[in-house]
Structure formats: structure tokens, C-alpha cells
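>
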């Protein structure tokens, strides 16, 4: 009763949505990816820095190269998912700040001097955007399978460059047979929320 | 057309939702916070590690202590918001893994040896959960004002402990007058999405 988001949307995005481990063969189209991006690009980031970059692995050759860098347990699903996306943080995001945050012309200068500060900010904010992306995949009626089990240095060398840090790899598609384990328990709110 | 989430929900969560800088006096209730948590707790994290911790700053005394650690530009809105939440990552999240990820008894052991690995995983996954939380605040019909401009060491010492890293501070409430700047531009998808 305390939420205004309708119950069907709550189910679609959170309550019935699950991390899928198997997928049907139905392709994920460019139109779907575009619609997901056009929705989730509005999610907030610090100074609108928007550091998330998305590499869609569509060719069989690229898929094979990616699978080789996945943890063994993630290889079969990464090989089988209709679409796989590498989500990365652009550590040179500050170059875009004059365009993205025009009402504060000093924004870029805050990051010019320190690659370390840029990496920290890019990772945090691209992680926020990765969550928005997962929500967007679900908003398209698809299941996301985000994975952290991969060789980050290998993926970076194979698909990205020194300025882009891979954060996670996401399988995308319609859930197949036995797509998930029973849902794990969540922490009671008393364990998570403290009031001062 | 490519999304199945209804258009009103898209607007509520992404398209019309904005980062608010001013708020009305209407309180944010415990019931609202509970409903937000009970929805967004289902958002996925790696091995269900769920490292996000939420500190609700409700007392006038605690609010004053928090405002002192905010960047100057963030102080007035942090002082005025109906509710302020400190979002932090629990770097000792692995202690909960036997409960949260019971089908892989070795999960805790993966993190026992390295505080650095725990911090990295906790930060990334608590950032994902911070985004789910922002979406949840919007699902409650409220505006969120996430802020990174604060003295992290000061906030950690004042409100948390060595095992909890503050990630962001979020003002929560109904938007007040002149609550936001015009929305900043977003990157074209061609700049963000690459296909291989």
C-alpha cells in the first residue's frame, strides 16, 4: 500500500524477476536493446557522468573469445544465451562532462588530475547504471543473468582497452527450462536498516 | 513498443523521475521505508551477498552531525530533506553467506582470506543495491537525491565503523518548489553501445 508503482510492475522488475541460468533460442533484437537503453539512460549518476559502456557480443567468433575468459561454471550459459553484454566503466568519462553537465563548467577539472579518482567514480556510477540496465532488461520482459565470475584482465585485453574496466557480464534472453534455483533468502530489514 | 513495462511505470521510475534538490515537509514514514526495502531486497547481487546497509538519519541531533560532513553545496538540502539515508557497504558481508547462499557452502571461504577482495565485491554489489534503492524510492512516489559530495572518512567515523564503507547519502521526500535543474543530456546510444 505504501508503493505507488503498480503490483504487476513490482512483480516484473523485482518480485518475480529472477537471474536466469538457461535461455530459449529467441533472439534479443536491436530494437529491444535500444528501448532498454533509451529508458535506463535517465537513471541518475553523479554529475550526470554516465560512465557505463555496453559491449554487445553478437558474433559467434566474439562469443567464443568471451567464453574462454569466463569461469568454468559460467561458460555453458554464456555460450548459450541469445545475447551477452559486457558492461564496463569508462575511466575517461570526464571528457564528456562539458556536454553532460554544462551548468557546472568546472566539472571536468575536478577529475583531470587523478586517474585514481576517476576510476573510483566511474566504477561506482557505472555500477549504478549496471543495476538500471538489469532493471531495463526486465522491463523488456527479458531475464538478465549478471555474472562476476570471469577473468577481468583477459576480458579487458580482449574486448576493451586500458581506459575501460569491465564490471560484469550479463546474459540476456527469455528464460528456458529450469532457468533458476529456488530464490535465496533475503536479509530481514532489522539486519539492514538502522535508525539514528 | 519493445518494453512490456507499462508507460506510467516507465515515467515514474525513469523518465519523469528526477534527482530532487528541494522537498516539501511531508514526512517519509517507516511504512514507506519498509515497503521500499521489501521490494528492492529482491534485486540481484553476486552470490546473493546483499552487502547494502542503510542508516536512516531521523533525529535532529544526528542530522546536525551529518550535515557537518556534507560538502557545502549539499548542506542545505541535507538539512531540509524529510529523510536522509546513509547507504554503506558491509565489508564483512561474507559472514552472512551461509544463510544467504546455502546451496554453495564454500561461498564464505572464497572471501575469508582477503579483506581487499571483500571490499571490492561489497562496493560493487552495494552500488547495485543503491540503484535498486533509488528505484524503490521512486516506486513509492517519492524523489531521491543521491549525493557523493561528503567527507567519507568523517561519515564513517561518525555513523559507521571500520567494516562499513559509506557509498552515498540520499535525500528522500516529496519534491518541493524548483526541485530540479533542467535535465542534463544523455549520451547517444552510438556513443555507449558497441557490437562485436
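Residue numbers (this note's numbering), protein chains in the order written: chain A, 22 to 217; chain B, 22 to 217.
The C-beta atom is built at its ideal place from N, Cα and C for all residues, glycine as well.
Treat the numbers as computed from the prediction; the structure is a model and nothing was measured.
From B:189, B:73, B:60, pick the residue whose C-alpha is nearest to that of residue 173 of chain B; which is it?
B:189
> Using 8 Å as the limit for Cβ to Cβ distance, is residue 121 of chain A near chain B?
yes
> If you measure between the beta carbons of residue 40 of chain B and residue 165 of chain B, is that distance less than 8 Å?
yes
> Along the chain, where does the alpha helix (DSSP H) containing residue 97 of chain A start, and where does it finish?
96 to 101
> Could you say which of A:44, A:213, A:114 lies nearest to residue 143 of chain A if we only look at CA atoms?
A:114
> Assign residue 117 of chain A to buried or exposed, taking buried as 16 or more other Cβ atoms, counted over all protein chains shown, within 10 Å of its Cβ.
buried
> What does DSSP give as the partner residue(s) for residue 187 of chain B in the beta ladder?
According to DSSP, residue 187 of chain B bridges with B:109.
> Taking its Cβ as the centre, do 16 or more other Cβ atoms sit within 10 Å of residue 178 of chain A, making it buried, or is it exposed?
When all chains shown are included, residue 178 of chain A counts as exposed.
> By the DSSP assignment, the alpha helix (DSSP H) with residue 212 of chain B in it spans what residues?
Its alpha helix (DSSP H) spans residues 210 to 213.
> For residue 155 of chain B, which residues in chain A fall below 7 Å Cβ to Cβ?
Per Cβ cutoff of 7 Å: 65.
> Going by beta carbon distance, what residues of the same chain come within less than 6 Å of residue 89 of chain A, once the five residues before and after it are set aside?
none
> Buried or exposed: which applies to residue 22 of chain A, given that a residue is buried once 16 or more other Cβ atoms fall within 10 Å of its Cβ?
exposed
> Between residue 40 of chain A and chain B, is there a C-beta pair that is closer than 8 Å?
yes
> Between the segment 160 to 173 of chain B and chain A, which residues of the former have CB atoms less than 7 Å from a CB of the latter, in chain order?
160, 161, 162, 167, 169
> Who are the Cβ neighbours of residue 86 of chain B in its own chain at under 6 Å, not counting the five residues just before and after it?
Answer for residue 86 of chain B: 179, listed in chain order.
> Given this structure, state the Cα-to-Cα distance separating residue 170 of chain B from residue 145 of chain A, to the nearest angstrom.
13 Å
> I need the straight-line Cα distance from residue 157 of chain B to residue 127 of chain A, nearest angstrom please.
32 Å
> Is residue 138 of chain B near residue 186 of chain B, with beta carbons less than 8 Å apart?
no
> Is residue 151 of chain B near the ligand COA, going by C-beta to nearest heavy atom under 7 Å?
The ligand COA is not part of this structure, which contains no ligands at all.
> Could you tell me whether the Cβ of residue 105 of chain B comes closer than 8 Å to any Cβ of chain A?
no
> Does the beta carbon of residue 205 of chain B sit closer than 8 Å to a beta carbon anywhere in chain A?
yes
> Contact check, residue 78 of chain A vs residue 217 of chain B under 8 Å by CB: the rounded distance?
6 Å
> Bridge partners of residue 41 of chain A, per DSSP?
According to DSSP, residue 41 of chain A bridges with nothing at all.
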